[in-house]
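Those protein sequence lines, which keep their order, are chains A and B.
In this text, residue positions in the first sequence follow this note's numbering: the first is 2, and each later residue adds one.
In this text, residue positions in the second sequence follow this note's numbering: the first is 26, and each later residue adds one.
Quick notes on the structure that follows.
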Amino acid sequence: MSVLVGKHTRVLIQGLGRTGSFHTDKAIAFGTGMVGAVHPSKAGTTARFNGATDHSGVPGRADTYDVELPIFRSVGEAVSATGANASVVYVPPPFAADAIMEAATAGVPLVVCITEGIPVADMVVVKRFLEGRQTRLVGPNCPGVITPAECKIGIMPGYIHQPGRIGVVSRSGTLTYEAVHQLTQAGLGQTTAIGIGGDPVNGTNFVDCLDLFNDDPATDGVIMIGEIGGTAEEDAAEWISAHMTKPVAGFIAGTTAPPGKRMGHAGAIISGGKGTAAAKIAALTGVGVTMAQTPTDMGSAMVQALGASHS
Amino acid sequence: MKVHEYQAKELMAARGIAVPNGQVAMTVDEAVAAVRPLIEQSGNPVVVVKSQIHAGGRGKGRFREHPDVGGVSVVTDGIEGGPEAAEERVRELADAMLGSTLVTVQTGPEGKTVNRLYIEQGISIERELYVSVVLDRATSHNVVMASAEGGTEIEVVAEETPEKILRTEIDPAFGLLDFQAADLAAGLGLSGDAARNGVRFLQALTQAAVDLDSDLVEINPLVVTTDGGVMALDGKMSFDPNALFRHPNIAALQDVTEEDAAELEASAAGLSFIKLDGEIGCMVNGAGLAMATMDIIKYVGGDPANFLDVGGGADAEQIATAFTIITKDPNVKGIFVNIFGGIMRCDTIATGIVSAVTEVGLEVPLVVRLEGTNVELGKQILDESELAVVSASDMKDGAEKILELAK
């Protein structure tokens with residue numbers, strides 16, 4: 002089992018430019034069910050991807066792939082023709098918000114937006130647009146969602162993952178890889194890893210993911226990785242205290258970040274004493290989350306949290 | 026992106042938001058020349074000389090070279106002496122202020138050089154209020170915050186008497202509705218002309234915030250004048266850098282003298298760099314990992330010299346630029362490169378480091394931690410380069426090693 006994505010996921014690519022093509026190729030090599038692309042200027046043509054899979058030598062898995070994806074003018078046309086139930090957005094920032102709303106209008110249940118640098122005001126509109134609709138948005142400005150050995154939607158390196166029992170949810174891309182790598186080394190593996198993105202306005206938040214992992218029978222514990230800015234981690238702590246039945250380990254980046262400075266992620270800014278790392282760590286520790294002191298200790302914090310929950 | 030007060034006021038005035046008349050001045054003569062027209066237009070013999078820097082607390086700030094001069098000076102000489110007296114005083118002030126260093130609570134002890142002045146008409150103030158428009162991340166909606174306690178530090182009001190701050194959420198589909206603006210005006214104690222002007226002001230201000238992609242608009246004080254006018258006596262606006270592509274007129278307002286030279290150079294190269302005060306330079310891919318790298322340096326007892334995120338798709342040339350920027354900082358006693366290559370390949374990083382070191386030389390210790398895609402190839406490139414690079418097995422190991430070597 003897993004959350005959000007798996008073998009059943011049929012993925013559409015929105016924005017088949019250089020970046021979109023590169024990651025589509027990697028996703029197919031990983032074994033993801035990619036079914037088509039939306040790119041108006043190339044509508045009616047196809048895109049071919051071939052090479053060696055990530056699974057050469059694995060019994061029961063193909064060694065090579067050769068896939069020809071149809072390209073459509075609109076998401077609506079693509080969904081009708083392919084039965085896609087997820088889309089991944091690589092559309093450039095000025096047009097990304099529109100792409101998300103188009104996918105939602107076409108009824109795509111899961112939209113993962115990788116694009117970095119979307120204006121905040123655009124995301125405010127997107128968020129309002131999604132109210133009352135059935136579409137779940139993950140991101141933007143995120144690495145994506147992956148269920149090891151089943152489905153990879155996004156830009157994360159597939160090979161560091163391993164099927165297993167831990168859910169990962171993070172605001173930071175490379176820190177997700179760090180956590181995933183440590184879980185793989187510790188032999189725990191991952192059920193699903195979700196990058197929710199570093200922007201101040203995003204689709205899916207920590208609480209949504211904790212809720213999904215809490216209900217997933219295959220997930221035994223969760224690592225959540227937060228950073229300074231906003232109150233998403235504090236909200237998560239409150240939710241954990243009221244609902245979470247599984248052990249949670251955590252890490253917060255930005256203890257040393259100076260106030261008022263924007264640290265790469267638009268979300269990572271401390272203002273007026275709000276959203277500090279200290280406040281977030283205190284809130285999570287207070288509800289029993291095992292906090293890693295350094296990012297090197299995320300895997301061992303998870304091991305410790307699992308151990309504590311059995312005693 | 027921040028802009029100066031006078032620039033914010035020009036943007037506001039263009040959208041029908043009431044602001045006092047004023048004139049920017051880069052020289053003493055320009056400052057003096059602004060005085061007479063302002064007095065004639067307004068009929069008020071008082072003018073105000075305001076330092077234009079990207080930091081708050083200007084009113085209480087003092088010039089290092091002229092401790093008796095404040096960052097904002099009200100010139101009343103014109104009341105008795107006429108425009109000539111006002112001009113003479115403005116000349117003295119401008120002469121002292123331009124090119125001098127203004128130190129305020131927000132500039133830090135090093136202060137900021139004042140290169141621009143704003144000469145503004147005097148206003149007969151009845152009340153001072155506060156209003157701001159900012160994103161509430163919890164709801165993903167903009168909120169208007171307003172208070173009758175203007176002119177003071179709003180953080181103090183929020184801390185000590187939170188009930189004195191009014192808060193109204195704006196639905197992005199509809200903007201600030203008439204009744205919401207009326208409620209705010211009533212809550213601020215406005216009535217009659219002032220209430221009508223207040224409603225108009227608030228609606229224009231919130232619409233401007235959305236239309237201009239402003240991530241912060243703060244008017245403190247918002248003043249009610251003795252004749253029932255409502256206007257922005259001060260104005261702070263900053264803009265979402267990701268939205269500047271659709272506002273070339275605002276992008277053009279950037280005052281590069283207010284920005285750190287290294288940060289500008291990095292930004293031009295597509296890197297995210299912030300200068301800090303420590304001695305360990307950092308080069309990392311990913312904002313979260315970059316912050317975590319600073320944290321771990323601090324954790325093992327050091328101090329980071331910078332935040333530097335080279336992003337997910339940097340090429341060897343960008344890596345070289347990043348390296349050059351770090352080594353320019355004289356405080357840097359050691360460099361820690363921490364890369365978890367996902368999309369970014371470790372061999373690209375290694376090639377960039379080798380070419381940068383070959384080009385600019387390396388006078389401080391360098392510790393490199395590589396993990397992820399093509400890690401073996403990356404390590405091989407570093408080994409074969411015969412550079413004095415120390416490898417680290419993980420982040421903590423790297424932080425400890427660079428701290429030891431930088432001693």
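Glycine residues also receive a C-beta, built at the ideal position from the N, C-alpha and C atoms.
Pairwise C-alpha distance: residue j and residue i
i	j	result
GLY95 of chain B	ARG87 of chain B	5 Å
VAL125 of chain A	ALA104 of chain A	17 Å
ASN203 of chain A	ALA122 of chain A	12 Å
MET262 of chain B	ARG370 of chain B	40 Å
GLU243 of chain B	SER98 of chain B	21 Å
ARG221 of chain B	GLU151 of chain B	16 Å
ASP422 of chain B	LEU407 of chain B	18 Å
LEU191 of chain B	LEU63 of chain B	35 Å
SER149 of chain B	ARG225 of chain B	20 Å
SER312 of chain A	ILE241 of chain A	Because the pLDDT at SER312 of chain A is just 49, under 50, the model does not fix this residue reliably, and the value given afterwards should be weighed accordingly. Taking the straight line from one Cα to the other gives about 20 Å.
VAL112 of chain A	THR164 of chain B	20 Å
GLU105 of chain B	THR186 of chain B	42 Å
ALA339 of chain B	GLU184 of chain B	43 Å
ASN167 of chain B	GLU113 of chain B	45 Å
HIS29 of chain B	GLY136 of chain B	16 Å
VAL385 of chain B	THR286 of chain A	46 Å
GLU65 of chain B	GLY103 of chain B	11 Å
ASN399 of chain B	THR185 of chain A	18 Å
VAL59 of chain A	LEU241 of chain B	54 Å
THR132 of chain B	SER157 of chain B	22 Å
First and last residue of the uninterrupted beta strand (DSSP E) at residue i
i	result
VAL99 of chain B	97-100
ILE224 of chain A	222-228
MET2 of chain A	Where MET2 of chain A is concerned, there is no enclosing beta strand (DSSP E), given that its DSSP letter is neither H nor E.
TYR324 of chain B	Where TYR324 of chain B is concerned, there is no enclosing beta strand (DSSP E), although the alpha helix (DSSP H) it sits in stretches over 312-324.
Neighbour list for residue i in chain A, Cβ cutoff strictly below 9 Å
i	result
VAL235 of chain B	ALA122, VAL125
MET420 of chain B	GLU179, THR295, PRO296, THR297
Where residue i meets chain A, residues with beta-carbon distance less than 8 Å
i	result
ILE321 of chain B	THR295, PRO296, THR297
LEU202 of chain B	Simply none; closest approach about 15 Å.
ASP240 of chain B	VAL121
Simplified DSSP state of residue i, which is helix, strand or coil
i	result
GLY16 of chain A	coil
ASN86 of chain A	coil
PRO246 of chain B	strand
ASN331 of chain B	strand
VAL392 of chain B	strand
SER301 of chain A	helix
TYR91 of chain A	coil
ARG129 of chain A	helix
MET256 of chain B	strand
SER312 of chain A	Summary for SER312 of chain A: the model assigns pLDDT 49, below 50, so the residue's position carries little reliability, and this model does not support an answer.
HIS244 of chain A	helix
CYS307 of chain B	strand
LEU428 of chain B	helix
GLY366 of chain B	strand
THR187 of chain B	According to the sequence provided, residue 187 of chain B is Pro. The question's Thr does not apply to it. If DSSP states are grouped into helix, strand and coil, PRO187 of chain B belongs with the helices.
ILE195 of chain A	strand
ALA163 of chain B	coil
PRO266 of chain B	helix
7 Å Cβ cut-off: residues of chain B touching residue i
i	result
GLY118 of chain A	ASN267
LYS128 of chain A	SER165
ARG172 of chain A	GLY313
MET157 of chain A	GLY367
Segment limits, alpha helix (DSSP H) that includes residue i
i	result
HIS182 of chain A	174-186
ALA38 of chain A	Where ALA38 of chain A is concerned, there is no enclosing alpha helix (DSSP H), although the beta strand (DSSP E) it sits in stretches over 35-39.
ILE275 of chain B	273-276
MET37 of chain B	30-38
ASN222 of chain B	217-236
GLY377 of chain B	371-385
THR65 of chain A	Unbroken run through THR65 of chain A is the beta strand (DSSP E), 65-73; no alpha helix (DSSP H).
Interface residues of chain B facing residue i [CB-CB closer than 8 Å]
i	result
PRO95 of chain A	PHE270, ARG271
LEU176 of chain A	GLY311, GLY313, LEU314, ALA317
Chain-ordered neighbours of residue i on chain B, where CB pairs are closer than 9 Å
i	result
VAL80 of chain A	What VAL80 of chain A touches in chain B: nothing, since even the nearest Cβ is about 26 Å away.
GLU228 of chain A	ALA312, GLY313, MET316, ALA317
Where residue i meets chain C, residues with beta-carbon distance less than 7 Å
i	result
ALA254 of chain A	Protein chains in the displayed structure are A and B, and chain C is not among them.
**Study point:** Proximal residues, the segment 395-407 of chain B versus chain A, C-beta separation under 9 Å
**Key:** GLU396, GLY397, THR398
Exercise for review: Using a Cβ-Cβ cut-off of less than 8 Å, give me the residues of the segment 180-203 of chain A that come near chain B, in sequence order.
Suggested key: HIS182, GLY199, PRO201, VAL202
Point to revise | Contact residues within the segment 161-194 of chain B, judged by C-beta distance below 8 Å to chain A | key: ARG162, ALA163, SER165, HIS166, ASN167, GLU180, ALA183
Point to revise | Under 8 Å (Cβ pairs) to chain B, residues found in the segment 25-42 of chain A | key: none
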